[in-house]
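Some notes on the structure that comes next.
Residue numbers (our numbering): 53 to 153.
The structure is reproduced here in structure tokens:
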């Protein structure tokens with residue numbers, strides 16, 4: 053319903069911000085959105101969100117002060133670990149995302 057559509061819109065906004073390299077706004081939206089992976093995004097969108105989460109987190113870590121940098125790195129590592137586990141369990145659609153990161 054409405055909530056699922058709202059989550060999809062947030063996800064698409066994050067993708068557009070990454071494409072346009074608006075990393076600061078993308079990281080703000082990532083924090084505001086919370087964990088969209090737990091939401092009813094569906095299988096493939098959940099994978100895409102996880103990869104996007106890792107990418108935004110890595111970029112935010114590059115430009116943040118030390119304390120925040122560590123937080124962003126932990127978040128990125130968590131998403132990357134999840135992607136690797138999916139790939140290890142046979143999800144071939146995840147492999148290219150791991151290579152991008």
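Ideal placement from N, C-alpha and C gives every residue a C-beta, glycine not left out.
Residue from 128, 118 and 140 with nearest C-alpha to residue 105: By 1-based counting over the chain shown, the position of residue 105 is 53. Closest option to residue 105, Cα to Cα, is 128.
Using alpha carbons as the reference points, say which of 121, 131 and 56 lies closest to residue 100. One-based indexing of the chain shown puts residue 100 at position 48. Considering only 121, 131 and 56, the residue with the shortest C-alpha distance to residue 100 is 131.
CB-CB under 6 Å to residue 147, same chain, minus the five flanking residues each way: which ones, in chain order? If you number the chain shown from 1, residue 147 lands on position 95. In its chain, beyond the 5 residues on either side, 139 have a beta carbon closer than 6 Å to the beta carbon of residue 147.
Measuring CB to CB, does residue 68 end up less than 8 Å from residue 81? For this step, residue 68 is matched to residue 16 along the chain shown. For this step, residue 81 is matched to residue 29 along the chain shown. It is not a contact, given that the beta carbons lie outside the stated cut-off.
For residue 72, count the other beta carbons within 10 Å of its own beta carbon; 16 or more makes it buried, fewer makes it exposed. Which is it? Counting from 1 along the chain shown, the entry for residue 72 is found at position 20. With a threshold of 16 other beta carbon atoms within 10 Å, residue 72 falls short and is exposed.
Rounded to whole angstroms, what's the CA-CA distance from residue 98 to residue 117? Just pull it up for me. Position 46 of the chain shown, counting from 1, holds the residue named residue 98. Position 65 of the chain shown, counting from 1, holds the residue named residue 117. For residue 98 and residue 117, the distance between alpha carbons rounds to 29 Å.
Taking the alpha carbon of residue 60 as the reference point, which residue from 83, 77 and 89 has its own alpha carbon closest? Counting from 1 along the chain shown, the entry for residue 60 is found at position 8. The candidate whose alpha carbon is nearest that of residue 60 is 89.
How would you write the range of the alpha helix (DSSP H) that residue 84 sits in, first residue to last? What you label residue 84 is simply residue 32 of the chain shown in a count that begins at 1. In the DSSP assignment, residue 84 falls within the unbroken alpha helix (DSSP H) covering 75-85.
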